[in-house]
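In full-length UniProt numbering, the protein residues as written are 1 to 399.
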Amino acid sequence: MVLTSYGRVARLPGVRTLFVVTGLARIPAAASGVTITLHVVLGLGMGYGEAGAVAAATTIGMALGGPMLGRMIDRRGVRRTVLLSTIAAGVFWASIPWLPYWSLIVLAFVGGVLALPVMSIARQSMVALLPPDDSYRRPAFSLDSVLTELSYMVGPSAGVFLTTTFSSTTAMLTVGAASVLSGVWLYALDPPVKSEEAEQHEHAPLMSWLRGPMIAALVIAGAMVLIMAGSEVAIVAALRQTGQVGWSGLVIAVWCLASVVGGIVHGALPRPVPLVVLITLVGATMIPVGLITSQWWLLALALVPNGLLCAPTFSSTSDAVTRLSPESVRGTVMGVYSSAYTIGAAIGAPLIGVVMDNSSPAWGFAAAGGVGLLGTAVGVALGGRKLGRPQLSSSLSAS
């Protein structure tokens with residue numbers, strides 16, 4: 001059943017190539033954050049606070065740039081957008097190894113604004129290439145989420161390896177070369193992002209799609225990333241408290257692997273699990289994890305139930321947002337969706353860090369799950385009860 005579901009998707013024209021190119025393109029993006037952080041700390045000899053400021057500049061840039069690049073995809077197409085981002089990536093990564101700290105912050109912001117919009121392009125193109133039948137969409141979105149998880153298992157580890165084995169300069173130039181190569185691949189592929197019919201439609205006004213259910217989906221997406229980002233910090237803090245911080249990478253890898261398994265199984269289910277149920281379970285299963293942190297392997301096992309739900313939740317939010325978005329402005333919508341992810345990550349790590357500074361790592365897990373549930377409640381109040389229903393494919397998505 002599992003192989004049949006994914007085999008049908010992979011046999012569709014253009015889909016397999018899209019997954020290969022966008023899956024590989026995610027790896028340098030996933031490696032960039034830790035690579036820059038290690039450059040500031042090891043290469044420039046500064047503290048983690050200064051490294052955090054560079055990360056914040058990049059995050060703000062990405063939050064602002066996502067909708068802008070999405071709108072450019074809608075109006076100018078994939079190739080022009082990718083060309084701009086690829087040139088910016090080349091300049092950024094070729095320059096930062098030799099820049100002083102304050103110049104690095106400025107360029108990090110610009111690099112964030114013009115970051116290659118791999119996620120937006122991948123998901124828009126999937127919708128354009130797939131039949132509207134849910135039996136194709138769900139396996140495709142699940143596979144996309146699985147590829148994202150795999151990129152975050154490979155990318156940061158590669159960045160750490162290159163920095164510690166060679167130098168931060170070597171690591172950044174390698175990540176930069178991979179980023180430029182990713183842009184060249186996407187430019188050559190030039191995947192479709194909308195149907196010919198949608199090309200003839202006028203661009204839908206903002207308030208025609210940015211309303212109840214869409215806002216709910218965006219809030220839930222942000223809450224999901226907040227849980228993930230906050231929990232990752234809590235994992236490191238819990239293991240540091242017990243003198244087992246060296247096992248952090250393996251614990252996070254087990255968590256990610258559980259997500260991969262959950263995503264694969266979810267994509268093959270005959271009926272989808274409602275998005276609101278998934279995100280509620282993600283928050284609820286994270287709250288008690290802090291009670292089981294005495295041994296690293298117990299913490300890893302405690303994270304498995306939560307991990308099994310992560311990729312299914314990410315794929316369901318992506319599916320909901322694409323169903324709710326008018327095709328003529330889907331690039332803009334996916335850019336806003338990407339910004340919701342970025343904002344959730346930007347809030348999650350420092351918020352949970354503050355909680356743990358004033359309590360303990362156990363409360364970090366509880367706070368991550370609790371704040372995620374609060375975000376879910378806000379999403380439901382805004383119209384989230386409708387998410388995950390077949391009726392989402394309304395006239396909105398056909399506009």
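From the three backbone atoms N, C-alpha and C, an ideal C-beta is built for every residue, glycine too.
The C-beta separation of Ile352 from Gly230 comes to about 3 Å, placing the pair in contact by the 8 Å criterion. Apart from sequence neighbours up to five positions away, the residues of its chain that approach Ser168 with a beta-carbon distance below 6 Å are Leu38, His39, Leu42 and Gly43, ordered along the chain. Contact fails between the segment 24-36 and the segment 291-309, because fewer than three Cβ pairs, one in each stretch, are under 8 Å apart.
Residue nearest to Gly90 within the set Arg76, Gly111, Ser103 and Thr81 is Gly111 (criterion: CA-CA distance). Rounded to whole angstroms, the separation of the alpha carbons of Val219 and Val380 is 9 Å. Annotated three-state conformation of Ala56 is helix, per DSSP. Bounds of the alpha helix (DSSP H) holding Ile347 are Arg330 to Asp357. The three-state reading of DSSP puts Met46 in coil, since its state is none of H, G, I, E or B. In this structure, DSSP gives Val254 a helical state, which the three-state scheme calls helix. The alpha carbon of Thr86 has as its nearest neighbour, out of Thr376, Met214, Gly348 and Tyr187, the alpha carbon of Tyr187. When only Cα atoms are considered, Gln124 and Gly243 end up about 45 Å apart. Leu299 is positioned such that its CB atom lies no closer than 8 Å to that of Val245. By the C-beta criterion, the segment 161-176 is judged not to be in contact with the segment 11-21, since fewer than 3 inter-stretch pairs fall below 8 Å.
Around the beta carbon of Asp319, a 10 Å sphere encloses 16 or more other beta carbons of the protein chains shown; the residue is thus reported as buried.
DSSP places Pro28 inside the alpha helix (DSSP H), whose first and last residues are Val15 to Leu38. If you draw a straight line from the Cα of Ala177 to the Cα of Ala366, it comes to about 40 Å. If you draw a straight line from the Cα of Leu324 to the Cα of Met214, it comes to about 6 Å. Rounded to whole angstroms, the Cβ separation of Pro361 and Gly290 is 6 Å, and the two are in contact under 8 Å.
Between Leu143 and Tyr6, the C-beta gap is smaller than 8 Å, which places the two residues in contact. It is roughly 7 Å from the alpha-carbon of Gly23 to the alpha-carbon of Thr148.
The residue from Ala311, Gly212, Val233 and Ile227 with its alpha-carbon nearest to that of His266 is Ala311. Residue burial is scored here from C-beta neighbours: Tyr48 has fewer than 16 other C-beta atoms within 10 angstroms and is therefore classed as exposed. Contiguous alpha helix (DSSP H) elements confined to the segment 256-307 occur at 275-286, taking only those with 4 or more residues.
Per DSSP, Trp102 is one residue of the alpha helix (DSSP H) stretching across Tyr101 to Val113. Of all C-beta pairs linking the segment 132-140 to the segment 51-59, fewer than three are shorter than 8 Å, placing the two stretches out of contact.
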